[in-house]
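Using our numbering, the letters of the sequence shown map in sequence onto residues 1164 to 1364. Written out below as structure tokens is the structure these notes cover.
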Amino acid sequence: MEISSRYPRGADPDLTGPLRILANPDLRIVCNGWFHNSHRRVRSQAAAVGDLGVVVFQKPGPTADFGGDIKLVVTSRHQLGRHIAATMPTVGAGTAGPMVGYTPRVRGDEPPSSWLRDDAGKRPPEERIRMLLRLERSAQGYLRIDRHLHDSLPYPQVFVTWLDVSDTSRASGRYLEDVDDNDTVITPASAKVIGQAAVGR
């Protein structure tokens, strides 16, 4: 049976409004991710027009290519971040603490600012960031934030990487990695931090 026959246009007014918001929002937040050593995927999207928000996410399916049931939630715009965070796997904030490094040094394009440890015995932040990013991961993905989509000149898309360091490491937990030409920022990410990052940019 064709989709148009099963779901005729306008047949469900309670669903039509949220679908219109998803199709033409002024704010869109996409969360994608995948698990290591598993076929499970993270697929969710939030959208808003004015104060009204909609979140849609797909539960994991039998394979990576075929997801499970889809759930749609109608909420307020300021709650979108919290709902997006709730669609992600439950993992505590990373235990390594926040770090900020100079991006060219993190990438190895420039030499370290120092070859010595600081007074607390820590390596330079760029080296600590590289060590963290090399650790075994249980899952990883990204957030994509599209803002002011109804403007004649929408804001550039913002991408933030999230990664879950395996619980076999002392630095286990979830982190956000935010990179530009100058700074690489690593933030231990609780659900609250994820929600704030999704809507606070």
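Here a beta-carbon is modelled for each residue, glycine too, at the ideal position from N, C-alpha and C.
Return the residue from the list 1310, 1307, 1295, 1309 that minimises the CA-CA distance to residue 1350. 1295
Sheet register partners of residue 1237 (DSSP bridge): 1217
Determine whether the beta carbon atoms of residue 1217 and residue 1237 lie at a separation below 9 Å. With respect to residue 1237, residue 1217 sits close: the two C-beta atoms are nearer than 9 Å.
My output table needs one value for residue 1320: the three-state DSSP class, helix, strand or coil. coil
Can you list, in chain order, the residues of its chain with a C-beta nearer than 8 Å to that of residue 1356? Leave out the 5 residues immediately preceding and following it. 1256, 1339, 1350
According to the neighbour-count rule (16 or more other Cβ atoms, all chains shown, within 10 Å of its Cβ), is residue 1318 buried or exposed? Per the 10 Å Cβ criterion, exposed.
What are the start and end residues of the beta strand (DSSP E) that includes residue 1191? 1190-1198
Any contact between the region 1218-1230 and the region 1201-1208? By contact I mean 3 or more CB pairs, one from each, below 8 Å. yes
Residue burial classification, residue 1186 (beta-carbon count within 10 angstroms, cutoff 16): Burial call: exposed.
State the Cα-Cα distance for the pair residue 1189 and residue 1214, rounded to the nearest angstrom. 11 Å
Taking the CB atoms as reference points, tell me whether residue 1358 and residue 1247 lie closer together than 9 Å. yes
Among the residues of its own chain, which have a CB less than 6 Å from the CB of residue 1311, if the five just before and after it don't count? 1317, 1318
Of the listed residues 1263, 1300, 1273, nearest to residue 1333 (C-alpha basis): When C-alpha distances from residue 1333 are compared across 1263, 1300, 1273, the shortest belongs to 1300.
Tell me the start and end of each unbroken beta strand (DSSP E) in the region 1250-1333 that is at least 3 residues and wholly inside, in chain order. 1262-1265, 1300-1310, 1321-1328
Same chain, Cβ closer than 6 Å to residue 1322, five either side skipped, listed in chain order: In the same chain as residue 1322, and ignoring 5 residues on each side of it, the C-beta atoms closer than 6 Å to its own belong to 1305, 1307, in chain order.
Which same chain residues, not among the five before or five after residue 1231, have their C-beta less than 7 Å away from its C-beta? 1221, 1222, 1223, 1224, listed in sequence order.
Between residue 1324 and chain C, is there a C-beta pair that is closer than 9 Å? Here chain C cannot be found, since the structure has a single protein chain.
So, at 6 Å on beta carbons, what are the nonlocal neighbours of residue 1197 in its own chain, with the 5 sequence-adjacent residues on each side left out? 1204
Buried/exposed call for residue 1336, threshold 16 Cβ in 10 Å: buried
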